[in-house]
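Report on the following structure.
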Amino acid sequence: MPTYRDEVVVLRTHKLGEADRIVTLLSRRHGKLRAVAKGVRRTSSRFGSRLEPFMVADVQLYQGRSLDIVQQAESLGSYGAEIAVHYDRYTSASAMVEAADRLNEAEATPQQYLLLVGGLRALARGDHASRSILDSYLLRAMALSGWAPSLDECARCSRPGPHDTFVAQLGGMICHDCAPTGAARVPAETVALLQSLMAGEWEEVDAASPAATAAASGLIAAYAQWHLERGIRSLSHVESAPREAAR
Numbered sequence: 022m023p024t025y026r027d028e029v030v031v032l033r034t035h036k037l038g039e040a041d042r043i044v045t046l047l048s049r050r051h052g053k054l055r056a057v058a059k060g061v062r063r064t065s066s067r068f069g070s071r072l073e074p075f076m077v078a079d080v081q082l083y084q085g086r087s088l089d090i091v092q093q094a095e096s097l098g099s100y101g102a103e104i105a106v107h108y109d110r111y112t113s114a115s116a117m118v119e120a121a122d123r124l125n126e127a128e129a130t131p132q133q134y135l136l137l138v139g140g141l142r143a144l145a146r147g148d149h150a151s152r153s154i155l156d157s158y159l160l161r162a163m164a165l166s167g168w169a170p171s172l173d174e175c176a177r178c179s180r181p182g183p184h185d186t187f188v189a190q191l192g193g194m195i196c197h198d199c200a201p202t203g204a205a206r207v208p209a210e211t212v213a214l215l216q217s218l219m220a221g222e223w224e225e226v227d228a229a230s231p232a233a234t235a236a237a238s239g240l241i242a243a244y245a246q247w248h249l250e251r252g253i254r255s256l257s258h259v260e261s262a263p264r265e266a267a268r
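Going letter by letter, the sequence shown gives residues 22 to 268 in this note's numbering.
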């Protein structure tokens with residue numbers, strides 16, 4: 022059976038036997054992969070920490086019948102250590118890789134891989150507030166999967182905005198005529214922040230007020246949890262984490 026190489030992000034790992042692990046990987050060219058890393062739990066393992074969650078690596082795999090086998094792994098991005106020592110970064114990264122795992126049940130795209138790598142890199146560097154990096158990632162990753170929230174026009178009737186009601190179950194911003202009775206209004210600053218997070222306009226994101234940032238995070242979490250059938254369990258830990266400002 023053939024061998025192949027690819028760039029991967031380690032999403033999660035599971036123990037297998039006494040010394041092995043099953044690793045779930047998001048790859049650049051082959052979508053989501055599950056493979057066995059033999060001997061990785063031994064202190065003398067040739068893989069070292071290169072197959073831990075949040076790590077980015079160039080791997081060579083042997084194509085097996087049910088699970089592939091990791092033969093080689095070279096580090097491309099050692100983000101785990103910087104992320105793990107900051108609770109805010111760790112919980113945000115955990116939510117990101119869980120979302121990536123859920124969003125890529127079908128064939129993944131290179132854009133999904135690159136988006137996740139960029140998000141983990143930004144978290145490790147502390148480029149921006151961790152929750153803002155997560156929020157931007159969730160919006161853009163869901164958009165790549167075909168679930169982009171409508172932020173400029175009504176999600177039901179396509180009436181041009183601006184609108185001031187967001188309903189996750191209906192797909193985003195809703196006009197007055199389509200809004201359900203009792204739907205909460207969203208301030209214009211929060212709507213603008215959602216648009217900036219989607220577009221990656223970090224100057225505007227970093228300048229947003231704490232109230233708008235918290236409100237946008239709540240809307241994004243509700244939207245993601247609604248559209249992913251089992252939700253993102255790690256988001257409950259993110260919501261309880263103290264917010265860390267960008268360095």
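We put the beta carbon where it would ideally sit given N, CA and C, even for glycine.
Alpha-carbon spacing of residue i relative to residue j, whole angstroms
i: S48; j: D122; result: 11 Å
i: A213; j: V77; result: 33 Å
i: T233; j: G252; result: The sequence shown places Ala at residue 233, rather than the Thr named in the question. Answer to the nearest angstrom: the Cα atoms are 23 Å apart.
i: L135; j: L165; result: 12 Å
i: L46; j: Y108; result: 23 Å
i: P131; j: K53; result: 11 Å
i: S70; j: A105; result: 13 Å
i: D227; j: T24; result: 45 Å
i: R180; j: C199; result: 10 Å
i: R110; j: G239; result: 18 Å
i: A205; j: A236; result: 11 Å
i: I154; j: H35; result: 27 Å
i: A169; j: E250; result: 16 Å
Spatial neighbours of residue i in its chain, beta-carbon cut-off 6 Å, leaving aside the 5 residues before and after
i: H258; result: T112
i: V207; result: D185, F187
i: Y100; result: F75, L141, A145
i: A189; result: A243, Y244, W247
Those residues which DSSP pairs with residue i across a bridge
i: E79; result: The residue asked about is misnamed: residue 79 is Asp in this sequence, not Glu. Answer is E28, E95, bridged to D79.
i: E250; result: According to DSSP, E250 bridges with nothing at all.
i: H17; result: With the chain covering 22 to 268 only, the question about residue 17 has no answer from this structure.
i: M194; result: F187
i: V207; result: Note: V207 sits in no beta bridge, so no partner.
i: D6; result: Only positions 22 to 268 of the chain appear in this structure, which leaves residue 6 out of reach.
i: P181; result: E174
Close Cβ partners of residue i (< 8 Å) along its chain, the five nearest in sequence each way excluded
i: I241; result: D156, L159, L160, L215, L218
i: D41; result: V57, A58, K59, G60, V61, R62
i: E39; result: R62
i: Q133; result: L47, A121, L124, N125, A162, L165, S166
Nearest residue (CA-CA) to residue i, options the options
i: A229; options: A164, A245, H149; result: H149
i: G193; options: Y244, D89, T202, S151; result: Y244
i: R55; options: D89, R26, K36, D27; result: D89
i: D79; options: E95, T24, E174, R110; result: E95
i: L32; options: V118, G182, A235, R180; result: V118
i: L172; options: E225, A116, R254, A220; result: A220
i: W223; options: A209, S151, V29, D27; result: S151
i: L137; options: W168, S66, G98; result: G98
i: F68; options: A143, S115, V44, G85; result: V44
i: A162; options: N125, P231, C178; result: N125
i: T211; options: P231, H197, E250; result: P231
i: G139; options: V30, C178, G85; result: V30
Coarse secondary structure for residue i, derived from DSSP in three states
i: S48; result: strand
i: E174; result: strand
i: T112; result: helix
i: T202; result: coil
i: L240; result: helix
i: P74; result: coil
i: K231; result: Here the sequence assigns Pro to residue 231, which means Lys is not the residue at that position. Here P231 sits in helix by DSSP.
i: S151; result: helix
i: H107; result: coil
i: R62; result: coil
i: Q84; result: coil
i: Y158; result: helix
Cβ neighbours of residue i in the same chain (closer than 7 Å, five flanking residues each side left out)
i: A176; result: L191, G192, G193, M194, I195
i: Q92; result: T24, Q81, L82, Y83
i: E174; result: R180, P181, G182
i: P201; result: V188
i: A116; result: L155, I253, S255, L256, V259
Proximity test, Cβ basis, 8 Å: residue i and chain C
i: I104; result: As a matter of chain content, chain C is missing from the structure shown, which is built from one protein chain.
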